[in-house]
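Colleague: Residue numbers (the numbering used here), protein chains in the order written: chain A, 4 to 118; chain B, 199 to 297; chain C, 6 to 146.
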């Protein structure tokens with residue numbers, strides 16, 4: 004069976020999953036911006052571009068993202084920086100959705116033979 | 199001399215014939231490929247249906263993967279339908295040919 | 006769905022900051038209340054917050070319970086009330102000192118501003134998660 008979907012679709016979908024999980028972590032930081040003793044977190048993933056084809060990429064990991072901000076009781080959430088990360092992550096998500104959408108649209112065009 | 203017996207030759211059953219001589223007809227190779235492709239499309243449809251049920255029953259679902267899976271299933275089905283249509287057209291065209 | 010989890014997290018932040026603002030407003034409104042039901046002056050209240058994640062990293066597994074922040078309760082300050090020399094006041098003590106609430110309006114206003122900022126930030130995160138969910142569904146038309 005000819006594969007209709009090349010690895011680009013898989014990579015886009017994985018990117019979307021990662022970005023959506025990262026949003027959860029960043030939103031958690033924002034919810035706890037005033038919680039004493041809370042340490043800011045972030046989600047990172049290792050670069051998978053040099054892995055063997057077909058191998059499962061490494062799972063994303065949660066790390067502490069030290070923002071060097073002194074808050075109540077050792078809280079180190081820097082509100083502005085978190086907002087910046089959320090904005091950049093949201094932009095990434097929208098981009099990925101657009102790319103996926105155009106991939107699917109092209110496929111459908113090819114299949115239906117109509118332009 | 200009376201021991202000679204000729205055992206009757208059993209007629210080949212259709213199933214065993216096809217599996218023991220796949221290269222006998224070109225159609226069988228294509229048929230296998232087609233049925234494999236259809237079962238893949240069916241598999242994708244099932245997965246997309248299961249994802250829909252999981253969402254409806256409130257189970258935790260990876261939205262991105264689910265959406266992409268559902269869309270892939272829809273496109274694969276569309277592709278399979280178009281292939282079937284083209285095959286049907288070709289067959290009808292063949293039937294219409296004056297002999 | 007994981008979209009709902011993101012919304013839950015931001016919603017918990019909104020709730021927590023709302024609780025804080027309510028308590029701050031109560032502090033400000035009662036900054037001169039010399040007698041409460043207990044007979045003592047009003048004591049400053051604060052909201053205690055606690056991160057409700059399941060020990061940090063487990064929250065990232067799909068299907069984990071909604072994380073976020075939880076309001077642990079409202080604590081009454083144990084600091085002594087302010088004492089002001091006002092012997093002519095009907096509620097002044099025998100020593101001529103009037104006990105007033107230990108509420109510092111400047112502190113309360115600062116807290117209110119921080120709480121407002123945090124509330125708005127959580128609202129933005131909430132909107133972002135919601136709009137992304139809608140965009141994803143648009144893929145399916």
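For every residue, glycine included, the Cβ atom is placed at its ideal position computed from N, Cα and C.
Per DSSP, what kind of secondary structure is residue 291 (chain B) in: helix, strand or coil?
Modeller: Within the second chain, the letter at position 93 stands for residue 291 (chain B). Here residue 291 (chain B) sits in helix by DSSP.
Colleague: What first and last residue would you give for the alpha helix (DSSP H) that runs through residue 67 (chain A)?
Modeller: Position 64 of the first chain, counting from 1, holds the residue named residue 67 (chain A). Residue 67 (chain A) -> not in any alpha helix (DSSP H); beta strand (DSSP E) instead, spanning 64-67.
Colleague: Which residues mark the beginning and the end of the beta strand (DSSP E) in which residue 119 (chain C) is found?
Modeller: Position 114 of the third chain, counted from the first residue, corresponds to residue 119 (chain C). That residue, residue 119 (chain C), is in no beta strand (DSSP E); its alpha helix (DSSP H) goes 110-143.
Colleague: For residue 270 (chain B), decide whether its Cβ has a neighbour in chain A, counting only Cβ atoms nearer than 8 Å.
Modeller: Along the second chain, read from residue 1 onward, the residue named residue 270 (chain B) stands at position 72. Closer than 8 Å: yes.
Colleague: Taking residue 82 (chain C) and residue 107 (chain C) to be in contact with their CB atoms under 8 Å, please state how far apart those CB atoms are, rounded to whole angstroms.
Modeller: In the third chain, the residue the question calls residue 82 (chain C) occupies position 77. In the third chain, the residue the question calls residue 107 (chain C) occupies position 102. So it is a contact: roughly 6 Å between Cβ atoms.
Colleague: Would DSSP call residue 54 (chain C) helix, strand or coil?
Modeller: By one-based count along the third chain, residue 54 (chain C) stands at place 49. Of the three classes helix, strand and coil, the one that applies to residue 54 (chain C) here is strand, per DSSP.
Colleague: Identify which residue in A:89, A:100, A:104, A:95 has its Cα closest to the Cα of residue 132 (chain C).
Modeller: Taking the first residue of the third chain as position 1, residue 132 (chain C) is located at position 127. Nearest Cα to residue 132 (chain C) within the set A:89, A:100, A:104, A:95: A:89.
Colleague: Under 7 Å between beta-carbons, which chain B residues line up against residue 95 (chain A)? List them in chain order, please.
Modeller: Position 92 of the first chain, counting from 1, holds the residue named residue 95 (chain A). None at all; the shortest Cβ gap to chain B is about 12 Å.
Colleague: So, residue 235 (chain B) versus residue 288 (chain B), is the Cβ gap smaller than 8 Å?
Modeller: Within the second chain, the letter at position 37 stands for residue 235 (chain B). Within the second chain, the letter at position 90 stands for residue 288 (chain B). For residue 235 (chain B) and residue 288 (chain B), no; Cβs fall outside 8 Å.
Colleague: State buried or exposed for residue 85 (chain A), treating a residue as buried only when at least 16 other CB atoms are found within 10 Å of its CB.
Modeller: Taking the first chain and counting its residues from 1, one reaches residue 85 (chain A) at position 82. The residue in question, residue 85 (chain A), is buried, as its Cβ has 16 or more Cβ neighbours within 10 Å.
Colleague: Output the distance between the C-alpha atoms of residue 54 (chain C) and residue 41 (chain A), rounded to the nearest integer angstrom.
Modeller: On the third chain, residue 54 (chain C) is found 49 positions in, with the first residue counted as 1. On the first chain, residue 41 (chain A) is found 38 positions in, with the first residue counted as 1. Cα to Cα, the separation comes out at about 10 Å.
Colleague: Please name the residue in B:230, B:233, B:245 whose C-alpha comes closest to that of residue 269 (chain B).
Modeller: Numbered from 1 along the second chain, position 71 holds the residue referred to as residue 269 (chain B). Residue B:245 is the option with its Cα nearest to residue 269 (chain B).
Colleague: Could you pull out every residue in the same chain whose Cβ sits closer than 8 Å to the Cβ of residue 37 (chain C), ignoring the five residues on either side in sequence?
Modeller: On the third chain, residue 37 (chain C) is found 32 positions in, with the first residue counted as 1. Excluding residues within five positions, the ones whose Cβ falls inside 8 Å are 105, 106.
Colleague: Between the stretch 235-258 of chain B and chain A, which residues of the former have a C-beta closer than 7 Å to a C-beta of the latter?
Modeller: 235, 238
Colleague: From this set, A:116, A:68, A:71, which residue's C-alpha is nearest residue 284 (chain B)'s C-alpha?
Modeller: The residue you call residue 284 (chain B) lines up with position 86 of the second chain. Per the Cα distances, A:116.
Colleague: Within 10 angstroms of the Cβ of residue 107 (chain A), are there 16 or more other Cβ atoms? Answer buried if so, exposed if not.
Modeller: For the purposes of this step, residue 107 (chain A) is taken as the residue at position 104 of the first chain. Buried: at least 16 other Cβ atoms inside 10 Å.
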